[in-house]
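Enquirer: At the far end of the sequence shown sits residue 353, using our numbering, and the numbering has no gaps.
Encoded as structure tokens, here's the structure I'll be asking about.
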Amino acid sequence: MKHMVTFCTVVENGGFVGAQSALGMSQPAISTHIKDFEIRLGFQLCHRGRSGFRLTEKGRHTYQKCREMLNAISDFEADLGELRNTLTGTLRVGLIDNTVTNREFPIPEAINRFYSRTNEVSIKLTVQSPEELERDLLNGNLHLAIGIFQNRHSNLSYRHLYTEQHGFYCGHRHPLFDLPAAEITPDRIREHAISTRAYLQHADLKGFRLSQGVASVSNMEAQAILITSGSFIGFLPEHYAEQWVQRGEMRAFDHLGLSWKSDFCLATRASPAPQNIVKVFTQDIEDAIAELAG
Numbered sequence: 060m061k062h063m064v065t066f067c068t069v070v071e072n073g074g075f076v077g078a079q080s081a082l083g084m085s086q087p088a089i090s091t092h093i094k095d096f097e098i099r100l101g102f103q104l105c106h107r108g109r110s111g112f113r114l115t116e117k118g119r120h121t122y123q124k125c126r127e128m129l130n131a132i133s134d135f136e137a138d139l140g141e142l143r144n145t146l147t148g149t150l151r152v153g154l155i156d157n158t159v160t161n162r163e164f165p166i167p168e169a170i171n172r173f174y175s176r177t178n179e180v181s182i183k184l185t186v187q188s189p190e191e192l193e194r195d196l197l198n199g200n201l202h203l204a205i206g207i208f209q210n211r212h213s214n215l216s217y218r219h220l221y222t223e224q225h226g227f228y229c230g231h232r233h234p235l236f237d238l239p240a241a242e243i244t245p246d247r248i249r250e251h252a253i254s255t256r257a258y259l260q261h262a263d264l265k266g267f268r269l270s271q272g273v274a275s276v277s278n279m280e281a282q283a284i285l286i287t288s289g290s291f292i293g294f295l296p297e298h299y300a301e302q303w304v305q306r307g308e309m310r311a312f313d314h315l316g317l318s319w320k321s322d323f324c325l326a327t328r329a330s331p332a333p334q335n336i337v338k339v340f341t342q343d344i345e346d347a348i349a350e351l352a353g
């Protein structure tokens, strides 16, 4: 079991160096654990050395099986806790990136509510793309996820939480930044390169017939970097862009009517029924939303 925990931690931290602080072990000790695990299994799990850390094909398969088993043990612990009327186990929560600046975002308040009661629950909070969140929900790596899910999976259940407003922006280095609003028309916009988030490309580019290229990014931080570079224009959530707008480093094209809203949902597996720790945390999320709205 210790070998499995060590191996999964190394994989999830991108190598031995990253896993040191997570495990509280020295690099030689971690290396010994991995080597002993490989001897016990009878095959090589990973390549390590000057070329960096990478899994073998058998190592990738072994990681998936080890992670499934460790998740199952954690869920078993939570099930036993329910029999003792105790909240225990590990709560595995996934989010999309850069949501903390949203004042309507309920997770910080929900976590505070959850840990205000007596429990023995640890939490694993990860930030991923919507596609990665749905994948990890399906394979059991996550109990619940909050994000914008454009393509709904039939084996997942989605619950609407709140909406997020998106605006259209350029950076202060961009040629359009200092132009009067009357001179900035949809046709003028189409003359410039646009950056779009891959997981929201359909929404970001709706209504555009572009004459310039499109840059694709995987998260909002990358989107903000391209916009502030002055080479691209694009959409960002208004709460996230506000910090640059207030500093005069971004400009919103509010007059063009390009803003749109996205639905934030809480996603869980449709079956089996969620564990008690998931039900309690979900209720904390709903209570936090009600309090923020009130």
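Heads up, the beta-carbon is just placed ideally off N, CA and C, and yes, glycines get one too.
(1) Is the beta carbon of Arg-328 sitting closer than 7 Å to the one on Leu-196?
(2) If you check the beta carbons only, do Thr-68 and Ala-88 fall under 7 Å apart?
(3) Counting only the same chain and skipping the five closest in sequence on each side, list residues whose C-beta sits under 8 Å from that of Gln-334.
(4) Using 8 Å for Cβ pairs, my map puts Ile-286 next to Leu-295. What's the rounded Cβ distance?
(5) Just grab the DSSP bridge partners of Ser-321 for me.
(6) To the nearest angstrom, how far is the alpha carbon of Phe-96 from that of Glu-116?
(7) Could you check which residue in Leu-104, Phe-236 and Ile-132 has the C-alpha nearest to that of Arg-119?
(8) Under 7 Å between the Cβ atoms of Leu-150 and Phe-323?
(9) Measure the CB-CB distance between Leu-351 and Glu-163 and report whether it falls below 7 Å.
(10) Rounded to a whole number of angstroms, what is the C-alpha to C-alpha distance between Ser-270 and Ile-248?
(11) Is there contact here, the stretch 219–229 with the stretch 288–303, by at least three beta-carbon pairs under 8 Å?
(12) So, is Leu-238 buried or exposed, given that buried needs 16 or more other C-beta atoms within 10 angstroms?
(13) Of all the options Glu-179, Gly-111 and Thr-160, which has the alpha carbon lying nearest to the alpha carbon of Arg-357?
(14) DSSP three-state label for Glu-179, please.
(15) Whole angstroms are fine: how far does the CA of Cys-229 sit from the CA of Asp-313?
(16) Cα-Cα, which of Phe-291, Tyr-217 and Asn-278 is closest to Pro-234?
(17) Within a Cβ cutoff of 8 Å, which residues of the same chain sit near Val-337, ignoring the five residues on either side of it in sequence?
(18) Report buried or exposed for Arg-256, applying the criterion of at least 16 other Cβ atoms within 10 angstroms of its Cβ.
(19) So, does the CB of Ala-137 fall closer than 7 Å to a CB anywhere in chain B?
(20) Can you tell me where the beta strand (DSSP E) holding Leu-203 begins and where it ends?
(21) From the DSSP secondary-structure annotation, give me the bridge partner or partners of Met-128.
(22) Under a Cβ-count criterion, where at least 16 other Cβ atoms within 10 Å of its own Cβ denotes burial, should Ala-78 be classed as buried or exposed?
(23) Which same chain residues end up closer than 6 Å to Pro-165 when comparing Cβ atoms and leaving out the 5 residues on each side of it in sequence?
(24) What does a CB cutoff of less than 6 Å around Gly-353 pick up in its chain, not counting 5 residues either side in sequence?
(25) To which residues of the same chain is His-62 closer than 6 Å at the C-beta, ignoring the five residues directly before and after it?
(26) Kindly indicate which three-state DSSP category His-298 falls into: helix, strand or coil?
(27) Please classify Val-276: does DSSP put it in a helix, a strand, or coil?
(28) So what does DSSP say about Met-63, is it helix, strand or coil?
Expert: Put simply:
(1) Reading the sequence shown from its first residue, position 269 is the one you call residue 328. Reading the sequence shown from its first residue, position 137 is the one you call residue 196. Taking 7 Å as the cut-off, the Cβ atoms of Arg-328 and Leu-196 count as close.
(2) Here residue 68 is taken as the residue at index 9 of the sequence shown, counted from 1. Here residue 88 is taken as the residue at index 29 of the sequence shown, counted from 1. Contact flag unset, no.
(3) As a position in the sequence shown, residue 334 is number 275, starting the count at 1. Here the set comprises Asp-134, Ala-137, Asp-138, Glu-141, Gly-148 and His-202.
(4) If you number the sequence shown from 1, residue 286 lands on position 227. If you number the sequence shown from 1, residue 295 lands on position 236. Rounded, the Cβ-Cβ distance is 7 Å, consistent with contact.
(5) Here residue 321 refers to the residue found at position 262 of the sequence shown. Bridge partners of Ser-321: Glu-223.
(6) For the purposes of this step, residue 96 is taken as the residue at position 37 of the sequence shown. For the purposes of this step, residue 116 is taken as the residue at position 57 of the sequence shown. For Phe-96 and Glu-116, the distance between alpha carbons rounds to 16 Å.
(7) Here residue 119 is taken as the residue at index 60 of the sequence shown, counted from 1. Out of Leu-104, Phe-236 and Ile-132, Leu-104 has the C-alpha closest to the C-alpha of Arg-119.
(8) Start at 1 with the first residue of the sequence shown, and residue 150 comes out as number 91. Start at 1 with the first residue of the sequence shown, and residue 323 comes out as number 264. No; because the gap between Cβ atoms is not below 7 Å, this pair is not in contact.
(9) Taking the first residue of the sequence shown as position 1, residue 351 is located at position 292. Taking the first residue of the sequence shown as position 1, residue 163 is located at position 104. Closer than 7 Å, so yes.
(10) On the sequence shown, residue 270 is found 211 positions in, with the first residue counted as 1. On the sequence shown, residue 248 is found 189 positions in, with the first residue counted as 1. Any reading at Ser-270 must be qualified, since the residue scores a pLDDT of 45, below 50, and its modelled position is unreliable; the value itself is stated next. Distance between the alpha carbons of Ser-270 and Ile-248: 10 Å.
(11) yes
(12) Within the sequence shown, numbered from 1, the residue matching residue 238 stands at position 179. So Leu-238 counts as exposed.
(13) The question about residue 357 has no answer, for the chain in this structure spans 60 to 353.
(14) Locating residue 179 in the sequence shown gives position 120, counting from the first residue. Looking at Glu-179 - three-state DSSP - the assignment turns out to be strand.
(15) For the purposes of this step, residue 313 is identified with residue 254 of the sequence shown, where counting begins at 1. For the purposes of this step, residue 229 is identified with residue 170 of the sequence shown, where counting begins at 1. Approximately 11 Å, taken between the alpha carbons.
(16) Taking the first residue of the sequence shown as position 1, residue 234 is located at position 175. Ranking Phe-291, Tyr-217 and Asn-278 by Cα distance to Pro-234 puts Phe-291 first.
(17) On the sequence shown, position 278 is the one that residue 337 refers to. If we look at Val-337 and ignore the five residues flanking it on each side, its Cβ neighbours are Leu-150, His-202, Leu-203 and Thr-327.
(18) Within the sequence shown, the letter at position 197 stands for residue 256. When all chains shown are included, Arg-256 counts as buried.
(19) No chain B appears in the structure shown, which is made up of a single protein chain.
(20) Taking the first residue of the sequence shown as position 1, residue 203 is located at position 144. Per DSSP, Leu-203 belongs to the beta strand (DSSP E) from 203–206.
(21) For this step, residue 128 is matched to residue 69 along the sequence shown. BP columns for Met-128 are empty, so no partner.
(22) On the sequence shown, residue 78 is found 19 positions in, with the first residue counted as 1. Buried, since its Cβ has 16 or more Cβ neighbours within 10 Å.
(23) Here residue 165 refers to the residue found at position 106 when the sequence shown is read from its first residue. When the five nearest sequence neighbours on each side are left out, the beta carbons in the same chain lying within less than 6 Å of the beta carbon of Pro-165 are those of Ile-344, Ala-347 and Ile-348, in order along the chain.
(24) Your numbering for residue 353 matches position 294 in the sequence shown. Same-chain partners within the cutoff: there are none.
(25) Taking the sequence shown and counting its residues from 1, the one referred to as residue 62 is at position 3. For His-62, where only same-chain residues beyond five positions count, the Cβ hits under 6 Å are His-92 and Phe-96.
(26) Taking the first residue of the sequence shown as position 1, residue 298 is located at position 239. The answer is helix: DSSP assigns His-298 an H, G or I state.
(27) Numbered from its first residue, the sequence shown carries residue 276 at position 217. DSSP places Val-276 in strand when its eight states are reduced to three.
(28) Numbered from 1 along the sequence shown, position 4 holds the residue referred to as residue 63. Residue state, collapsed to three classes: helix.
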